[in-house]
Every structure is written in structure tokens, then in C-alpha cells.
Amino acid sequence: MESGKSPGAMRNIAAALSDYRKTAYHHYGNRPSSLFRFFYYSALRVNTFWLMENDLSEPLPEIPMDPCYQVVKPSLEELARIRTGMDLPREFYYDRILNLKTCYLAFKDDELAYIHWVLTGGDHSRFLILPADAVELNYNTTLRKFRGNRLMAKMLCHICHDLEAGGYRKVFGVVHEANPPSISAAENAGFRKIKKIRALGPFNRKVRV
1 MESGKSPGAM RNIAAALSDY RKTAYHHYGN RPSSLFRFFY YSALRVNTFW LMENDLSEPL
61 PEIPMDPCYQ VVKPSLEELA RIRTGMDLPR EFYYDRILNL KTCYLAFKDD ELAYIHWVLT
121 GGDHSRFLIL PADAVELNYN TTLRKFRGNR LMAKMLCHIC HDLEAGGYRK VFGVVHEANP
181 PSISAAENAG FRKIKKIRAL GPFNRKVRV
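Throughout the sequence shown, residue numbering follows our numbering, covering 1 to 209 in sequence.
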């Protein structure tokens with residue numbers, strides 16, 4: 001294992017703190033207690049995460065997208081144009097925060113609804129050391145008005161099928177144990193729990209997968 005404390009980790013922390021109020025309200029709801037929860041989970045608590053794996057050599061589930069949704073894999077230039085004039089949570093800016101290069105977007109009736117980033121071995125990962133034939137899915141969010149329609153599970157299925165076609169062997173994700181909806185979405189998309197990872201606030205040791 002290797003330490004997760006790195007320049008990339010520091011940039012991620014700085015991004016979270018630079019607009020902490022928006023981040024807290026987006027993830028925990030638009031109420032004052034969300035600020036406490038954000039700081040507690042981010043800095044004070046020993047957090048436990050599930051390392052989850054999807055073996056793309058095995059049959060993948062099929063959860064079709066609703067006809068009103070469109071999935072795109074934009075270039076960074078296209079992503080920048082899409083973001084123009086929008087007030088979006090930080091998950092939509094990981095090309096700037098960590099120099100990530102690949103993401104998937106979902107639109108409902110041409111309105112932006114969801115993002116999920118793909119990390120390869122050359123990208124900064126907080127938790128994982130990736131081999132060349134595997135990727136990590138991380139830094140995702142569903143915008144609030146589009147929640148409650150299993151969009152994450154449907155997107156995970158779509159992305160995993162696309163990654164399989166691209167020649168990847170495995171897909172990994174790291175999900176907080178206190179996030180049952182995301183764990184359920186990942187399991188419905190074919191992921192399985194393989195290991196617990198613990199972190200003190202933003203600090204942890206990396207796991208080679």
C-alpha cells in the first residue's frame with residue numbers, strides 16, 4: 001500500500017474547502033446541519049469505504065436507460081462548453097481539479113443530469129493503484145432534480161459496457177459504507193464488495209488492485 005497524501009489529494013481537499021457550503025448542501029441537503037456533517041465526515045471521522053469490483057469478463061447486467069435520457073462521452077472542450085453559465089457542483093470540474101480527462105454525462109430532454117469520471121493508471125486516485133487493464137469510476141453525482149430514478153445504476157451499466165468494448169478487464173469503485181443508495185446502484189450494475197478501506201478524514205493509504 002502507498003499513502004494517499006499527495007499533491008493530487010491536496011488539490012482535491014482545496015477544491016472541497018473553496019466552496020464548502022455548495023458542496024455540503026448538494027450532498028446533504030439545503031439545511032444548516034449539512035455544514036456540520038460535511039466537516040465531520042471530511043475532517044474528523046474515521047470513515048470506512050467499500051472497494052467494489054466489476055469483472056468485465058463476466059456477463060454484465062442490462063439496465064436500459066429511459067428514452068428521455070441521452071448519454072455522451074464529451075471531450076474536455078465540449079464539457080467546458082456545456083458548463084458555461086451553469087452553477088454546478090465540483091464533481092463537474094475534475095478536469096480542472098485533478099486533470100482528469102474522461103467522463104460520461106447524462107442529459108434528460110437535453111438538460112444536464114449526471115456526471116461520472118473515469119480514472120486510469122496515469123490519473124490521480126485517492127484510494128487505488130490501478131493496473132493498465134483496469135479503471136476506477138469516481139467523482140460522480142446526480143443533480144438533485146433528477147434523483148430517484150435509478151440513474152446511477154443505469155449509468156454504471158452503460159459505462160461498464162462501453163469500457164468492456166474498449167478492452168478493459170475490470171472496473172473498480174470506492175463507496176462510503178454510509179451511502180447505501182450508491183452501494184445498491186453499484187451492486188445492481190454488477191459490482192461486488194471485495195475489501196474495506198479506512199480513512200481518517202481526507203487521509204488514507206492506497207491499495208494496489
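Think of the CB as a built atom: it goes at the ideal place given N, C-alpha and C, for glycine as much as any other residue.
For residue i: DSSP bridge partner residues
i, result
"valine 175", "Trp50"
"histidine 116", "Tyr104"
"phenylalanine 203", "Leu200"
"isoleucine 63", "Answer is none; isoleucine 63 lacks a bridge partner."
"tyrosine 69", "Lys108"
"isoleucine 129", "Arg208"
"aspartate 55", "Lys170"
Alpha-carbon spacing of residue i relative to residue j, whole angstroms
i, j, result
"threonine 141", "lysine 196", "22 Å"
"phenylalanine 191", "asparagine 54", "4 Å"
"serine 125", "leucine 105", "20 Å"
"valine 71", "phenylalanine 107", "6 Å"
"leucine 51", "lysine 145", "28 Å"
"serine 3", "valine 175", "Unreliable positioning characterises serine 3 in this predicted model, as indicated by a pLDDT of 48, which lies under 50. A coordinate reading is not provided."
"valine 171", "leucine 119", "10 Å"
"histidine 26", "phenylalanine 92", "Model confidence at histidine 26 stands at a pLDDT of 47, short of 50, so the residue's coordinates are unreliable and nothing is read from them."
"glycine 121", "aspartate 66", "32 Å"
"histidine 158", "proline 74", "15 Å"
"leucine 98", "tryptophan 117", "11 Å"
"methionine 155", "arginine 198", "27 Å"
"alanine 153", "aspartate 123", "24 Å"
Own chain residues within Cβ distance below 7 Å of residue i, not counting five before or after
i, result
"glutamate 111", "none"
"cysteine 68", "Lys108 and Asp109"
"arginine 169", "Leu56, Ser57, Asp133 and Ala134"
Neighbour-count burial assignment, residue i, 16 or more Cβ in a 10 Å radius
i, result
"asparagine 138", "buried"
"valine 46", "exposed"
"isoleucine 129", "exposed"
"glutamate 58", "exposed"
"phenylalanine 203", "exposed"
"alanine 132", "exposed"
"alanine 165", "exposed"
"alanine 185", "buried"
"glycine 173", "buried"
"methionine 86", "exposed"
"alanine 189", "buried"
"arginine 90", "buried"
"alanine 178", "exposed"
Cutoff 6 Å; reference residue i; Cβ partners in own chain excluding five residues on either side
i, result
"aspartate 95", "Leu76"
"leucine 200", "Val46"
"isoleucine 194", "Leu51 and Glu53"
"isoleucine 183", "Val175"
Close-in-space but distant-in-sequence residues of the same chain around residue i (CB under 8 Å, 5 per side omitted)
i, result
"methionine 1", "Low per-residue confidence applies at methionine 1: pLDDT is 43, beneath 50, and the placement is therefore not dependable enough to give any value."
Residue from the options whose Cα sits closest to the Cα of residue i
i, options, result
"leucine 79", "Arg147, Thr48, Asn179 and Leu100", "Leu100"
"aspartate 162", "Glu91, Arg83, Arg90 and Val135", "Val135"
"tyrosine 114", "Leu143, Leu156, Thr102 and Leu88", "Leu143"
"proline 181", "His158, Asn149, Val171 and Ile97", "Asn149"
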